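Below is one structure, written out as structure tokens, with a few remarks after it.
2 protein chains.
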Amino acid sequence: MQIYRYPKEVDWAKLTQRPEMNIRSVVPAVQSIMHGVKNEGDQAVLRFTEEFDGLRLSNLRVSDKTISTSQNEVVPPLKQAIGHAFDNIERFHKAQLTDYPELEIEPGVVCWQKDVPIDRVGLYIPGGTAPLFSSVLMLAIPARLAGCPNIYLCTPPDQNGTVHPAILYAARLCGVHEIFAVGGAQAIAALTYGTHSISRVDKIFGPGNRYVTAAKQLATLEGVAIDMPAGPSEVAVIADKQANADFIAADLLSQAEHGQDSQVLLVTDSPELIATVPIAVENQLKSLPRADIARQALENSRLLLMHNIEECVDIVNYYAPEHLIINMPDARQIAQKIRNAGSVFIGSLTPESSGDYASGTNHTLPTSGYARNYSGLNTRSFMKTITYQELSSEGINRLGPSIEVLAENEQLHAHKLAVTLRINAVKENKNEY
Amino acid sequence: MQIYRYPKEVDWAKLTQRPEMNIRSVVPAVQSIMHGVKNEGDQAVLRFTEEFDGLRLSNLRVSDKTISTSQNEVVPPLKQAIGHAFDNIERFHKAQLTDYPELEIEPGVVCWQKDVPIDRVGLYIPGGTAPLFSSVLMLAIPARLAGCPNIYLCTPPDQNGTVHPAILYAARLCGVHEIFAVGGAQAIAALTYGTHSISRVDKIFGPGNRYVTAAKQLATLEGVAIDMPAGPSEVAVIADKQANADFIAADLLSQAEHGQDSQVLLVTDSPELIATVPIAVENQLKSLPRADIARQALENSRLLLMHNIEECVDIVNYYAPEHLIINMPDARQIAQKIRNAGSVFIGSLTPESSGDYASGTNHTLPTSGYARNYSGLNTRSFMKTITYQELSSEGINRLGPSIEVLAENEQLHAHKLAVTLRINAVKENKNEY
Chain P
47 MQIYRYPKEV DWAKLTQRPE MNIRSVVPAV QSIMHGVKNE GDQAVLRFTE
97 EFDGLRLSNL RVSDKTISTS QNEVVPPLKQ AIGHAFDNIE RFHKAQLTDY
147 PELEIEPGVV CWQKDVPIDR VGLYIPGGTA PLFSSVLMLA IPARLAGCPN
197 IYLCTPPDQN GTVHPAILYA ARLCGVHEIF AVGGAQAIAA LTYGTHSISR
247 VDKIFGPGNR YVTAAKQLAT LEGVAIDMPA GPSEVAVIAD KQANADFIAA
297 DLLSQAEHGQ DSQVLLVTDS PELIATVPIA VENQLKSLPR ADIARQALEN
347 SRLLLMHNIE ECVDIVNYYA PEHLIINMPD ARQIAQKIRN AGSVFIGSLT
397 PESSGDYASG TNHTLPTSGY ARNYSGLNTR SFMKTITYQE LSSEGINRLG
447 PSIEVLAENE QLHAHKLAVT LRINAVKENK NEY
Chain B
47 MQIYRYPKEV DWAKLTQRPE MNIRSVVPAV QSIMHGVKNE GDQAVLRFTE
97 EFDGLRLSNL RVSDKTISTS QNEVVPPLKQ AIGHAFDNIE RFHKAQLTDY
147 PELEIEPGVV CWQKDVPIDR VGLYIPGGTA PLFSSVLMLA IPARLAGCPN
197 IYLCTPPDQN GTVHPAILYA ARLCGVHEIF AVGGAQAIAA LTYGTHSISR
247 VDKIFGPGNR YVTAAKQLAT LEGVAIDMPA GPSEVAVIAD KQANADFIAA
297 DLLSQAEHGQ DSQVLLVTDS PELIATVPIA VENQLKSLPR ADIARQALEN
347 SRLLLMHNIE ECVDIVNYYA PEHLIINMPD ARQIAQKIRN AGSVFIGSLT
397 PESSGDYASG TNHTLPTSGY ARNYSGLNTR SFMKTITYQE LSSEGINRLG
447 PSIEVLAENE QLHAHKLAVT LRINAVKENK NEY
């Protein structure tokens, strides 16, 4: 962890530079996977699964029986904890459902909006050493609340060719309709083009490695939407001298243990804190199973000593972190000055892990500075908004003459005619439904 | 216009195929423009303006004086009509601003959301034979309502190297901060990378030709967000035998006159209507200034006779039109069955031109079937949603144990530690801010 004291604004760009996911280098390989799945469907998916996961599967779809059995393979304390997280995530995401009123814009002109679920959505859950059931909750709960009628989940098969019971348990709890033991770019390709086993979807959600990220990018060229651009995970912490260095160390390490390309940033006005945090980090690393990964991530990480808290806020807004922890007594006021961040954790007792798992907020958040222009995942991400308008005879009489002037000045005469014909019909009392 | 009677479902894909904007063929040229502007800034922008627009400009920025003068160059009836549209669009888009309540998810765990304006937004208005002031209103009104502090507008210079007064008038009315006489891919490049004259932005909005569309796609690889993928404009009309064929003809022509790659679709259960509409279209074409463009567009267009209205609804949901006109007495009920559309026009007296100009809804809508997975432009398109959470000592005591279980099962031990340390501190009455 590098320490920088009172950096000049001209150096902020360099100090907040992020480790890059090198997507471009894998694009040719991913293109060839996409191409294969587009042309050969399941056969290609099975072939790539054999090639990359070393598994000959006969079925991609996880059977109902396997899913049922998994319900008994999850220990009760984990079930209870998943249930606790489920309740909170559901509560927060249910509040995001919006009913829009009809608006009488002027007499006889009524407009309104409606959020309509996306028909078919694909959720991707990465593999790895541990089952990421928390990501299942974060993707599938809003999908179900949005009312999506077709929710499919893809996740790489484990070494036995099956899916971890905790994933299956969470997926069933959330109402996922179909689960497929397919990972990597071949999963994204199947969701993009459809195969015999796996339906094509309208939007793909979820995190993944470079191959998955590249495949999602390519999917957007085929008419499929994606949740957001992906990059390595990151946290920024703003703290003052009152902060507990151990809390901060654990928060920084929570992020660092995610992956070697994670980035953590401490921004403070306290020379003491900037000296004590690295010691606390070293101490905690000793007992951390994923210390190797965390150490590599810490090489991308920086402790920045600033002149005052205002400057801390400025550089954080400049950085636009995915996660922002504000560990100060007046964290609430500081939070009001934040313009760019994915999710904000307020006060000394709100670690990032609360939002990663169970406070209720979503943990699928914009990385790589995308907090400047993207929202984190929410229930509306699984819907689209349709607008409606209805004019009565009074409405067309009031609005029509203005539309005629506007259309004429844009030289769009059929636009004008469509209005004129209706105004004339109303004069003659015709066609007024 | 081709007529198809009772097409089988297996043929729907072919019948609803859209004319494609051939983006790929212009990508190399656009890449070279992007590259030039990235490296040479204003100089490259001026050079490309000379090359493509045939104009040697000395300034890219439209001066305050020019903008002020333009206010007197717009005739009062047009000012009045623009004002009418402005009021309605503002009213509908203001209602889209959302205040989210704080939610106590469980005792001591408070979560909330806030929509925060995107800092810098770029609006693109295409050139052409007529000034598209309506697009200025549609982009700039929600940008201003969202509270974006930096709203920039780029539009190609006209033959005198200036911008049409009606564009300048609308832009000032809407509170645009800076206007630049730059068009094409070089405008998008300048907004993406920033130049001496033109600031880099976080998100780019607005329609454009293939070059602009390709440049916007490339911009997304540089950390800039865009409003939505673009394609040729389109309308579908559902009508029954009671519909006035002249209304429908004018609605179809309103879309067809936009451009030769526009697509119009009439879907009806009435054999009479499908016979009378082409005659009405031919009649109206005779007096239409843009008849040549419209005729070309009509070649991409289809009249589909279906067995009943339910089937009309099904094929429309399959097609996912940008604009949908429902011209029937029970249009409201039918509208409730629509799952995929950008904007819906209800009843015989609501032409597409009402929403194109002045009903209040936005006319920047998803094309090319993207109504399946994208919303039209709205005030939230100019904002991002940040989530917040704050745990009290009660909150961490209640939530902490579940997070510990979840983190341990995902093998993320620092995540667990960040909670454990806080639970222990609360036990000892420490650090409870």
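Protein chains in written order, with the numbering used here: chain P, 47 to 479; chain B, 47 to 479.
Every residue gets a Cβ at the ideal spot worked out from N, C-alpha and C, and that includes glycine.
Fair warning: this is a prediction, and the values are worked out from it, not measured in the lab.
On the DSSP bridge assignment, give the partners of residue i in chain order.
i	result
cysteine 157/P	Leu149/P, Gln435/P
histidine 369/B	Val281/B, Ser389/B
alanine 271/P	Lys249/P
phenylalanine 226/B	Arg107/B, Cys200/B
proline 163/B	Met429/B
Run the CB neighbour count on residue i, radius 10 Å, all protein chains shown included, and call it buried at 16 or more, exposed below.
i	result
glycine 401/P	buried
valine 209/P	buried
glycine 221/B	exposed
threonine 115/P	exposed
serine 394/P	buried
glutamate 148/B	exposed
histidine 130/P	buried
threonine 175/B	exposed
leucine 267/P	exposed
asparagine 118/P	exposed
serine 109/P	exposed
asparagine 386/P	buried
lysine 60/P	exposed
Measure the CB-CB distance between residue i and residue j and report whether it falls below 8 Å.
i	j	result
lysine 140/P	tyrosine 239/P	no
methionine 67/P	leucine 344/P	no
valine 472/P	isoleucine 449/P	no
arginine 418/B	aspartate 165/P	yes
isoleucine 113/P	leucine 183/P	no
tyrosine 52/B	histidine 353/B	yes
asparagine 346/P	aspartate 307/P	yes
isoleucine 325/P	leucine 312/P	no
aspartate 297/B	isoleucine 384/B	no
glutamine 159/B	threonine 433/B	yes
histidine 461/B	serine 399/P	yes
asparagine 455/B	leucine 124/P	yes
leucine 185/P	phenylalanine 251/P	yes
leucine 452/P	alanine 404/B	yes
glycine 277/B	threonine 413/B	yes
glycine 254/B	alanine 227/B	no
valine 406/B	arginine 137/B	The question names valine, yet the displayed sequence has glycine at residue 406/B. Contact: yes.
glycine 229/P	threonine 259/P	no
Grab me the residues of residue i's own chain with a C-beta within less than 6 Å of its C-beta, minus the 5 sequence neighbours each way, in chain order.
i	result
leucine 445/B	Val155
tyrosine 364/B	Trp58
isoleucine 197/B	Val167, Ala189, Val222, His223
leucine 191/B	His139, Lys140, Thr425
Leaving out the 5 sequence neighbours to the left and right, which residues in its chain are closer than 7 Å to residue i when beta-carbon positions are compared?
i	result
aspartate 161/B	Thr144, Arg426, Met429, Thr431
alanine 340/B	Leu299, Ala302, Glu303, Leu331, Leu334
Can you name, in chain order, every residue of its own chain whose Cβ lies under 8 Å from the Cβ of residue i, other than the five neighbours on each side?
i	result
isoleucine 355/B	Ile284, Asp286, Asp315, Met374, Ile380
alanine 289/B	Thr314, Ser316, Leu319, Asn373, Met374, Ser394
glutamate 152/P	Gly441, Arg444, Leu445
isoleucine 187/B	Phe132, Ile135, Glu136, His139, Cys220
Q. Of the residues that make up the segment 407-436 of chain B, which ones have a beta carbon closer than 9 Å to any beta carbon in chain P?
A. Listed in sequence order: Thr407, Asn408, Leu411, Pro412, Ser414, Gly415, Tyr416, Ala417, Arg418, Asn419, Tyr420, Ser421, Gly422, Asn424, Arg426, Met429, Lys430, Thr431, Ile432, Thr433, Tyr434, Gln435, Glu436.
Contacting positions in the segment 380-401 of chain P - beta carbon closer than 8 Å to chain B: Residues passing the 8 Å Cβ filter: Ala381, Ile384, Arg385, Asn386, Ala387, Gly388, Ser389, Val390, Phe391, Ile392, Gly393, Ser394, Leu395, Thr396, Pro397, Glu398, Ser399, Ser400, Gly401.
Item to complete: Anything in the segment 166-178 of chain B with a Cβ closer than 8 Å to a Cβ of chain P? List those residues in chain order, please.
Response: Along the segment 166-178 of chain B, the positions whose C-beta sits under 8 Å from a C-beta of chain P are Thr175, Ala176, Pro177, Leu178, read in chain order.
- Of all the residues that make up the segment 135-152 of chain B, which are near chain P by a beta-carbon distance shorter than 8 Å? Taken in chain order, the members of the segment 135-152 of chain B whose beta-carbon sits within less than 8 Å of a beta-carbon on chain P are Arg137, Phe138, Ala141, Gln142, Thr144, Tyr146, Pro147, Leu149, Ile151, Glu152.
What are the residues of the segment 242-268 of chain B that lie near chain P, defined by any Cβ-Cβ distance shorter than 7 Å? Of all residues in the segment 242-268 of chain B, Asp248, Lys249 have a Cβ within less than 7 Å of some Cβ in chain P.
- Task: Would you list, in chain order, the members of the segment 58-92 of chain B that have their beta-carbon closer than 7 Å to a beta-carbon of chain P?
- Result: So nothing in the stretch comes that close.
**Message:** Taking beta-carbon pairs under 8 Å, can you tell me which members of the segment 343-377 of chain B lie near chain P?
**Reply:** Per Cβ criterion, the list reads Met374, Pro375, Ala377.
Using a beta-carbon distance cut-off of less than 8 Å, what residues from the segment 278-299 of chain P approach chain B?
Of all residues in the segment 278-299 of chain P, Gln288, Asn290, Asp292, Phe293, Ala296, Asp297, Leu299 have a Cβ within less than 8 Å of some Cβ in chain B.
Self-check item: Near-chain P residues of the segment 209-236 of chain B (beta-carbon distance less than 7 Å), N- to C-terminal order
Solution: Correct list: Ala212.
Just by C-beta distance, which residues in the segment 174-204 of chain B are closer than 8 Å to chain P? Within the segment 174-204 of chain B, the qualifying residues are Thr175, Ala176, Pro177, Leu178, Phe179, Ser180.
Practice item. Using a Cβ-Cβ cut-off of less than 7 Å, give me the residues of the segment 452-467 of chain P that come near chain B, in sequence order. Key: Answer in chain order: Leu452, Ala453, Asn455, Glu456, Gln457, Leu458, His459, Ala460, His461, Leu463, Ala464, Val465, Leu467.
Residues of the segment 300-314 of chain P with Cβ closer than 9 Å to any Cβ of chain B, in chain order: For the segment 300-314 of chain P, residues whose beta-carbon sits nearer than 9 Å to a beta-carbon of chain B comprise Ser300, Gln301, Ala302, Glu303, His304.
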